[in-house]
Amino acid sequence: MQDRLVGLDFDARAANPCIGPDRADLVLAGCAILEAIRRRFPANRMRVADRGLREGLLTEMMADDGVWRRARPRPPFQRSK
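Going by numbering that gives the first Met the number 0, 13 is the number at position 14 of the sequence shown; the sequence numbering is gapless.
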């Protein structure tokens, strides 16, 4: 996806409803940051949240306390080699 976004011009990125004109330039910086993180911390998979960070932290703490039931069991964390 990063390669596709980098290959698009401003107007094409702005036309994407998930990006829009306000973030059409910022998304490239985000791609560069993500790539640097991926190189520094390689992993077999990556989870992308479509909700806020605080909501994720809250549901995680609630699940750990047993007051929130996850829809699916979380797979065990595995570091890539």
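Ideal Cβ placement from N, Cα and C applies to all residues, glycine included.
This structure is a prediction, so every number in the text was calculated from the model and none was measured.
Hey, would you say residue i sits closer than 9 Å to residue j, going by beta carbons?
| i | j | result |
| --- | --- | --- |
| A13 | G19 | yes |
| L27 | L4 | yes |
| R38 | M45 | no |
Compute the beta-carbon to beta-carbon distance between residue i and residue j, rounded to the nearest angstrom, for a pair I have assumed lies under 8 Å.
| i | j | result |
| --- | --- | --- |
| Q1 | L25 | Not really, about 14 Å apart at Cβ, beyond 8 Å. |
How would you label residue i, buried or exposed, when you count the other beta carbons within 10 angstroms and need 16 or more for buried?
| i | result |
| --- | --- |
| D35 | Here residue 35 turns out to be Ala, not Asp, going by the sequence shown. Exposed is the call here. |
| A23 | buried |
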